[in-house]
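Reviewing the structure listed below.
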Amino acid sequence: MIIALDGPAASGKGTLARRLARHMGLPHLDSGLLYRATAQALIEQGCDLADSAAAVKAARGLALTDFDEAALRGRDMAEAASVVAAIPEVRTALIDLQRGFAARPGGAVLDGRDIGTVICPEASPKIFVTASVEARAMRRALELKGRGEAVDYACVLEDIRKRDERDSSRAVAPLKVAADAFVLDTTKLDVEAAFEAALAIVNSTLEDKRNLVARSA
Ligand code: CDP
Ligand code: CDP
1 MIIALDGPAA SGKGTLARRL ARHMGLPHLD SGLLYRATAQ ALIEQGCDLA
51 DSAAAVKAAR GLALTDFDEA ALRGRDMAEA ASVVAAIPEV RTALIDLQRG
101 FAARPGGAVL DGRDIGTVIC PEASPKIFVT ASVEARAMRR ALELKGRGEA
151 VDYACVLEDI RKRDERDSSR AVAPLKVAAD AFVLDTTKLD VEAAFEAALA
201 IVNSTLEDKR NLVARSA
C-alpha cells in the first residue's frame, strides 16, 4: 500500500503522514526534506540557489539517512527549498530516491507536493491535505515559536502565500490536486480529528481493495 499525502505548507500533511505510518507500521518519507537538504547543501557551498548544475549535484548526493531535521525545518530553508524545487533537473534527480522508497515491500507513506501526481501516480489512497491560509500560517507561527524561532504571524502568512504561489505556478510538478485524490480540509480539525478523517479514508480504500480481490477470486 502506497499512501500519498500532498498539500500546501503547514496543512498538516507531515503530521498526518507520520501518524498514519506509525499506525499502519509503514515507513514514512517527508519528501520536503529532500528539497530542503538540497537547498542547505547549496547554501553551505556558497552557491547561488539558481545554480542548476550545483543543485543537481547536491540533489544526487543526498542519502535518506543524513538529514539534520532540526536545521532543515527553519523558515529560511523552507523558502530556499521552494526555489530549488522549481528547477526541473533537481526534481528529476530526486525521482529515483522517492520511487525506490515507495517500492519498499509492504508499502510506504510519502508526503509532499507531487507524490500523487508525479512520483507515485499508482498510490492509493491519495489524500490532498489543505486548510485556509490563515489557519496554516497560525499553525506554522506556533510551531516556529515552539522551536525558538521568533517570527510574527504576519511574516509567516506572507511567506506561506509566496511559497504557495511559487509551488502552484512552477512549470514542472506544480502543487495540484490529483484527479483521484480525496481532499481533506483540516481548517476546523485538530490533529486528532484530522488523523481520524485520514484513517477513515485509508480504511475505506483498503476495504475497496479487499472487495475487488474477493470479486475477482
Ligand atoms: O507537513 P505540513 O507542513 O503540511 O504541516 P505539519 O508540519 O504536519 O503541521 C504544521 C503544524 O500544524 C504542526 O505543529 C501541527 O501540530 C499543527 N496542526 C496540524 O498538523 N494539523 C491540524 N489539524 C492542526 C494543527
Ligand atoms: O512543511 P512544508 O509544507 O512547509 O514544507 P516542505 O514539505 O518541507 O516543502 C518545502 C518546499 O519543498 C515546498 O515549498 C516545495 O517548494 C518543495 N517541495 C516540492 O516541490 N515537492 C515535494 N514533493 C515536497 C516539497
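Heads up: the sequence shown begins at 1 in UniProt numbering, then just goes up one per residue. We put the CB at the ideal spot given by N, CA and C, even for glycine.
When secondary structure is reduced to three states using DSSP, D111 falls in the strand class. Sorting R19, L212, R161 and D51 by C-alpha distance to the C-alpha of D111 places R19 at the top.
Bounds of any beta strand (DSSP E) do not take in K188, whose DSSP letter is neither H nor E. Straight-line measurement puts the Cα of E158 at about 16 Å from the Cα of E149. In this structure, T187 and G7 do not form a Cβ contact; the two beta carbons are roughly 12 Å apart against a cut-off of 8 Å. Residue state for V129 is assigned as strand, using DSSP reduced to three classes. A Cβ-Cβ contact shorter than 9 Å links R170 with A85. Shown here, L212 sits in a helix according to DSSP, grouped into three states. Taking 9 Å as the cut-off, the beta carbon of V133 is found closer than this to the beta carbon of D164.
With a contact defined as Cβ atoms closer than 8 Å, I3 and A123 qualify at about 7 Å.
Excluding sequence positions up to five before and after L206, its CB lies within less than 8 Å of the CB of M1, all in the same chain and listed in chain order.
Within the DSSP secondary-structure output, H28 pairs in a beta bridge with V109. A17 is positioned such that its CB atom lies no closer than 9 Å to that of V118.
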